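Before any comments, here is the structure.
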Amino acid sequence: MNVLYASDDKFAGILAVSLVSLFENNKREEALRVYILDDAISQENRERLNEIFSTYGREGIFLQMNDIAIPDAFISARWPKVAFVRLFIADVLDSSVHRLLYLDCDTIIQAPLRELWKTNLDGNIIAGVRDCLSFRYLENLGMDRKSPYINSGVLLIDLDRYREHHVKEKVRRFIKTYAGVIRYPDQDVINAVFEGKIYTLPPRYNTLTLFYDFSYSAMCKYRKPEAYYTRQQIEQAVASPVIIHFTTSFLSLRPWVENSRHRYKEQFLYYRSLSPWKDMPLWKDNANGLKKACVKVYKCVPRKWAVAFSGFLHATVVPVLKKRRNRG
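Quick note: the sequence shown uses this note's numbering, first residue 168, plus one each step.
Right under this line is the structure:
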């Protein structure tokens with residue numbers, strides 16, 4: 168099994184927690200190799216990460232971010248190099264690596280990943296869990312409104328087919344056409360460039376914070392997806408997640424931030440207690456005053472009204488404004 172993470176120095180301690188959870192829950196996996204895309208991780212933190220590899224008897228390989236050749240045309244003040252590195256990881260992995268599981272640092276693994284790793288992609292190139300978005304975002308990217316749009320925090324990749332897909336040229340054309348509507352360079356590009364070649368995974372392999380902050384009906388009213396998982400699928404994922412993804416949310420704090428109330432905060436802290444970062448203090452909540460005020464207002468008004476108004480902004484106003492911006 169080949170697993171890839173990408174981290175800078177600030178997130179090295181968060182990566183460590185994910186690594187520990189990966190190794191703790193996959194002890195029967197005989198061959199487990201981890202690659203880390205290293206964006207200037209300090210020597211001290213690299214040594215700490217290597218402690219984890221040594222403790223669990225696993226192989227860890229650090230790949231330098233600067234070794235990935237990103238065309239200059241992709242890089243700007245708006246999108247730094249790091250925004251695109253996941254698109255070109257195949258360039259720095261040996262051709263003997265045929266399949267890869269990418270995991271964001273802000274994940275914890277709760278169960279063995281063998282079943283996920285062995286997933287038949289049915290001829291597709293990439294597999295992931297659908298993100299919950301309005302069809303307007305997809306149409307802005309030139310996608311069919313019912314195409315799967317996956318969250319890039321957990322990706323299972325057929326590297327052989329990926330290498331055959333001429334990614335750089337397709338990415339260049341896409342950015343040239345849709346620069347004004349791109350929100351997340353890697354995620355938007357992955358979904359648009361690989362449209363029609365994406366396999367949808369069950370939501371238990373990437374349970375988003377959104378699933379915990381909203382009921383199923385409120386989530387659908389808020390995000391207004393054209394096609395999404397059933398209520399039963401989401402509720403099963405929430406009850407028995409395989410991979411928990413601590414995505415950002417305006418309604419809650421991630422578990423390494425003070426005063427977080429995430430359902431799996433204690434599980435995160437447990438894995439952290441097994442790492443060299445066990446004594447590190449929690450982060451301060453650096454949300455600005457405006458955001459905190461908006462959250463207070465949201466929680467004060469009737470939930471039904473708050474969800475409806477937030478949904479109108481997120482699912483209609485934002486994508487419409489981005490579309491106009493791209494035309495301009």
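Just so it is clear, CB atoms sit at the ideal spot from N, CA and C, and this is done for glycine as well. Note that the coordinates shown come from a computational prediction; the quantities given were computed from them, not determined experimentally.
Problem - Straight-line gap, HIS332 to LYS445 (C-alpha atoms, nearest Å) - result: 43 Å
Practice task
Quick one: give me the first and last residue of the alpha helix (DSSP H) that ASP289 is part of.
Solution key: The continuous stretches of alpha helix (DSSP H) do not include ASP289, and DSSP gives it neither H nor E.
Exercise for the section: Would you tell me roughly how many angstroms separate the C-alpha atoms of LEU270 and LEU441, rounded to the nearest one? Expected result: 20 Å
Exercise for the section: Indicate whether ARG390 and ASP325 have their beta-carbon atoms separated by less than 8 Å. Expected result: No.
Handout entry: Exposure label - CYS272; buried when at least 16 CB within 10 Å
Key = That one is buried.
Handout entry: Nearest-angstrom Cβ-Cβ length linking HIS429 and PHE413, presumed shorter than 8 Å
Key = Taking a contact as a CB-CB distance under 8 Å, the pair HIS429 and PHE413 counts as one, their CB atoms being some 7 Å apart.
Practice task
Taking GLU306 as the reference, give the member of LEU436, ARG339, ASN358 and ILE293 with the closest Cα.
Solution key: ASN358
Handout entry: Cβ neighbours of ASN193 in the same chain (closer than 8 Å, five flanking residues each side left out)
Key = MET168, LEU199, ILE276, PRO279, LEU280 and ARG281
Handout entry: As assigned by DSSP and simplified to three states, the class of ASP327
Key = In the structure shown, ASP327 falls within a helical segment according to DSSP collapsed to helix, strand and coil.
Practice task
In angstroms with no decimal places, state the Cα-to-Cα distance between ASP380 and VAL474.
Solution key: Distance between the alpha carbons of ASP380 and VAL474 is about 12 Å.
Exercise for the section: Measure the alpha-carbon distance for ALA346 versus VAL338 and round it to whole angstroms. Expected result: 11 Å
Handout entry: Enclosing beta strand (DSSP E) for GLY309 [first to last residue]
Key = GLY309 -> no beta strand (DSSP E), and no H or E assigned at all.
Exercise for the section: Would you tell me roughly how many angstroms separate the C-alpha atoms of THR222 and THR274, rounded to the nearest one? Expected result: 20 Å
Practice task
Output yes or no for whether 8 Å exceeds the beta carbon distance between TYR438 and VAL264.
Solution key: no
Exercise for the section: Could you check which residue in ASN212, LEU189, SER188 and ALA173 has the C-alpha nearest to that of GLY180? Expected result: ASN212
Exercise for the section: Can you tell me which of the three DSSP states LEU189 falls into? Expected result: helix
Exercise for the section: Look at the Cβ atom of ILE410, then the Cβ atom of THR374, and state whether they are nearer than 8 Å. Expected result: yes
Practice task
May I have the straight-line CA-CA distance separating ARG350 from ASP258, to the nearest angstrom?
Solution key: 25 Å
Practice task
Would you identify the three-state DSSP class for PRO392, choosing helix, strand or coil?
Solution key: strand
Practice task
Go to THR560, then tell me how far its alpha helix (DSSP H) extends in each direction, as first and last residue.
Solution key: Missing from the structure shown is residue 560; the chain here goes from 168 to 495 and no further.
Problem - Reduced DSSP category for ASP446 - H, G, I as helix; E, B as strand; rest coil - result: coil
Practice task
Pick helix, strand or coil for GLY224, following the three-state DSSP scheme.
Solution key: Coil at GLY224, not helix or strand.
Handout entry: Any beta strand (DSSP E) of 3 or more consecutive residues that is wholly inside the stretch 325-375
Key = 365-367
Handout entry: Sub-8 Å separation of VAL334 and LEU230 beta-carbons
Key = no
Practice task
Give the single residue among ILE292, ARG225 and ALA454 whose Cα lies nearest to the Cα of SER427.
Solution key: Comparing Cα-Cα distances from SER427 to each of ILE292, ARG225 and ALA454, the minimum goes to ALA454.
Handout entry: Given ASN318 as reference, the closest of LEU204, VAL405, ARG195 and TYR366 once Cα atoms are compared
Key = TYR366
Exercise for the section: Report yes if the C-beta distance between GLU218 and PRO448 is below 8 Å; otherwise report no. Expected result: The answer is no: Cβ separation not under 8 Å.
Practice task
Using 10 angstroms around the beta-carbon of CYS467, count the other beta-carbons present and answer buried if the total reaches 16, otherwise exposed.
Solution key: exposed
Exercise for the section: Buried or exposed for ALA406, please, with buried defined as at least 16 other CB atoms from any protein chain shown within 10 angstroms of its CB. Expected result: exposed
Practice task
On a CA-only basis, which of LEU186, ARG195 and VAL424 is nearest VAL201? Give me that one, please.
Solution key: The candidate whose alpha carbon is nearest that of VAL201 is LEU186.
Exercise for the section: Taking VAL321 as the reference, give the member of LEU377, ASP311 and LEU283 with the closest Cα. Expected result: LEU283
Problem - Residues bridged to GLU269 [DSSP beta-bridge criterion] - result: Residue identity differs from the one stated: residue 269 is Tyr in this sequence, not Glu. DSSP lists LEU171 and LEU322 as the beta-bridge partner residues of TYR269.
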